[in-house]
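A.B. asks:
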Amino acid sequence: MSGQNIGLGSWPARRARLTPHSVALRYGEREDTYRELAERVEALAAGFRNAGISRGDRVAYFGANHPDLLTTLFAAARIGAITVLLNARLSPAEISFMLADSDTALLIHGSEVSDTVEHLRHDRPAQRCRADSWQPIF
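The sequence shown begins at 1 in full-length UniProt numbering and counts up by one.
(1) For R26, which option in R17, F74, T19, L37 has the closest C-alpha, if you only look at C-alpha atoms?
(2) With DSSP run on the structure shown, which of helix, strand or coil describes A88?
(3) For the beta strand (DSSP E) holding E31, just list the boundary residues, first then last.
(4) Candidates C129, E112, N65, D68: which alpha carbon is nearest L106's?
(5) So I79 is in the beta strand (DSSP E); what residue range does that whole segment cover?
(6) So, with DSSP's three-state summary, where would you put T116?
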């Protein structure tokens with residue numbers, strides 16, 4: 001990535017250049033540096049591209065507040081995609097409606113909502129993956 005400021009999607013890489021070893025995120029006992037965050041964002045952005053996601057496409061995140069939510073947000077912004085954040089307390093019918101209404105191309109979800117995801121209508125979105133494995137993106 002060049003030194004160009006391309007908005008929210010470039011923030012992790014820009015911050016990693018300034019303070020690569022500083023803690024970017026704390027979650028429980030987990031601590032991620034800015035370098036680690038930037039590397040995950042770039043890898044996920046590449047995975048999105050490989051999955052056919054491009055500028056203007058919608059990528060939904062469905063799950064609890066977790067570092068994967070931020071990785072998804074930054075990676076989507078990195079390629080110009082739009083992040084659709086879905087509340088983990090919504091019903092399968094509400095989630096299905098929001099996915100269809102937003103024309104989501106890819107659903108990223110936490111393992112804690114896997115049961116709900118199994119109950120979603122299977123026509124939307126065409127691609128789904130669990131955040132803890134990023135499959136089938138990689």
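The beta carbon of each residue, even a glycine, is placed where N, CA and C say it ideally should be. Everything numeric in this text was worked out from a predicted model, so none of it was measured.
C.D. replies: The answer reads as follows:
(1) Selection R17, F74, T19, L37 evaluated against R26 yields L37 as nearest (Cα-Cα).
(2) Reduced to three states, the DSSP call for A88 is coil.
(3) Counting along the chain, the beta strand (DSSP E) containing E31 begins and ends at 30-33.
(4) Minimum Cα distance to L106 is reached at C129.
(5) That residue, I79, is in no beta strand (DSSP E); its alpha helix (DSSP H) goes 67-79.
(6) In this structure, T116 counts as helix in the three-state DSSP scheme.
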